[in-house]
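Read the structure below first, then the notes.
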Amino acid sequence: MDHTVVLGTGSCLPDRKLTNADLEKMVDTSDEWITTRTGIRTRRIAGKGEQNYQLASRAAEKALAMAGVEAADIDLLIVATLTPHMMMPSSACFVQAEIGATGAFAFDLNAACSGFLYGLDVADKYITGRPDMKVLLVGSETLSARVNWQDRNTCILFGDGAGAVVLGGERGRGGVLASHLFSDGRLWRLLYMDSPESLNPDLVQESRKGCHLQMTGRDVFKYAVRAMEDAVAGVLAEQKVAVDEIGLMIPHQANIRILNKLMDRLGIPEEKVYINVDKYGNTSAASIPIALDEANRQGLLHRGDKILFCSFGGGFTWGSMLMQW
Ligand code: UT7
């Protein structure tokens, strides 16, 4: 039987770095507060030529080059994003045009910070049904355009970037073993971003705060830890895989304290967890594929290793996935 495997990875980060010292000049905060409460030291901010679809296209081209697959041979192109270039057409269609993936059908997928894992699951379902398919999945975000740079509760957390994978079917390799995905729309008010042109009566009536990202951080934090712990425990139990059999865990990068709690509760040692939240902050749907590409290019992923992913984000959406490299 064919399984969904990663044929290549790529990522692209904007050139401009925004440090905690820079933020000290913009809002009432300190490097010490940001570092101890979040683990974030710098984040990247998109500039000219670094729009959502442009970052996505550069990441995609690197993944295609590693995979040895031509853009024209991609059958399905998915961009996971909550900050699309336009409302319509999708960022995926912009990427398609930019890289020449003329044979693909293309669409965006919005599951906030869980978008990449949801996208992997969708791609896996297509490839399981048609193993000769080649899928290009990109997580790409330009969150800097949608945070309120006067709100110290949120503006210090987020960054821009893109990561991509080329996926295909292969016999004799483990590939995607299982995924456990969840949503709970009842909790949307704890983390949301209204559309710029929205006339949403709910939000207008409750003294709408504009179309920037809004978050009740402390509550999100608690849900995130518990939800990711449960999702990981569920996928490991289903696959009868013990924590010490994991080669590398690549979690969504939101806050080092969330990751520390997760590692404690799951009993996963820090050396088995890929962490880059210090460099890029929270890049939402892009965070897992950027981390995956870095781990891959650093030679941290070995054939046969069990790789564990988990994420949590707005919606709420969350989940876990187990993959054999
Ligand atoms: O991608 C998935 C979704 N997002 C997340 O997973 C993020 C989850 N939440 C978090 O990471 C954390 O809750 C935050 C980093 C956002 C906040 O950390 P916290 O330890 O939960 O702080 P807090 O919100 O409880 O705020 C503590 C204090 C408050 O002051 P008072 O009310 O105690 O006087 C805040 O006003 O820290 C204050 N504060 C700040 N101080 C300096 C909030 N932001 C800042 C800041 N600099 N940037």
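When we follow the working numbering, the leftmost residue of the sequence shown carries the number 9, and every step to the right adds one. Cβ atoms here follow ideal geometry from the backbone N, Cα and C, with glycine treated the same way.
CB contact flag (residue i, residue j, <8 Å)
i	j	result
Glu150	Thr91	Residue 150 is actually Thr in this sequence, not Glu. Their beta carbons are under 8 Å apart, which means Thr150 touches Thr91 by this criterion.
Ala88	Tyr126	yes
Arg265	Gly167	no
Val233	Leu274	no
Gly312	Cys318	no
Val77	Leu15	yes
Ala109	Ile82	yes
Asp36	Arg226	no
Leu330	Ala186	yes
Val249	Lys142	no
Residue i burial status per 10 Å Cβ neighbour count (16 or more: buried)
i	result
Gly307	exposed
Ser215	Since pLDDT at Ser215 reaches only 48, below the 50 mark, its modelled position is unreliable, and no value is offered.
Lys33	exposed
Ser152	buried
Asn28	buried
Asp192	exposed
Met96	exposed
Glu58	buried
Phe113	exposed
Pro277	exposed
Met9	exposed
Ser295	buried
Gln261	buried
Met94	exposed
Cβ separation of residue i and residue j, assumed to be a contact under 8 Å, to the nearest whole Å
i	j	result
Gly169	Ser19	7 Å
Ile48	Val285	6 Å
Leu256	Val184	Incorrect: roughly 15 Å between the Cβ atoms, too far for contact.
Ile298	Gly171	4 Å
Nearest to residue i (by Cα), restricted to the options the options
i	options	result
Gly147	Trp157, Asp140 and Val174	Val174
Leu267	Thr136, Lys25, Pro22 and Lys230	Lys230
Asn8	Glu178, Gln222, Asp116 and Asp10	Since the first residue shown for the chain is 9 and the last is 333, residue 8 is missing from the structure and cannot be characterised.
Asn304	Ala100, Gly321, Tyr282 and Thr291	Tyr282
Leu316	His220, Tyr288, Met236 and Arg138	Met236
heavy atom of the ligand UT7 below 7 Å from residue i C-beta
i	result
His220	no
Thr291	no
Ala294	no
Gly127	no
Ile315	no
Ile86	no
Ile264	no
Leu199	yes
Cys121	yes
Ala232	yes
Gly321	yes
Ile107	no
Residue-level contact to chain C via CB, residue i, 8 Å cutoff
i	result
Arg273	The displayed structure is made up of one protein chain only, and chain C is not part of it.
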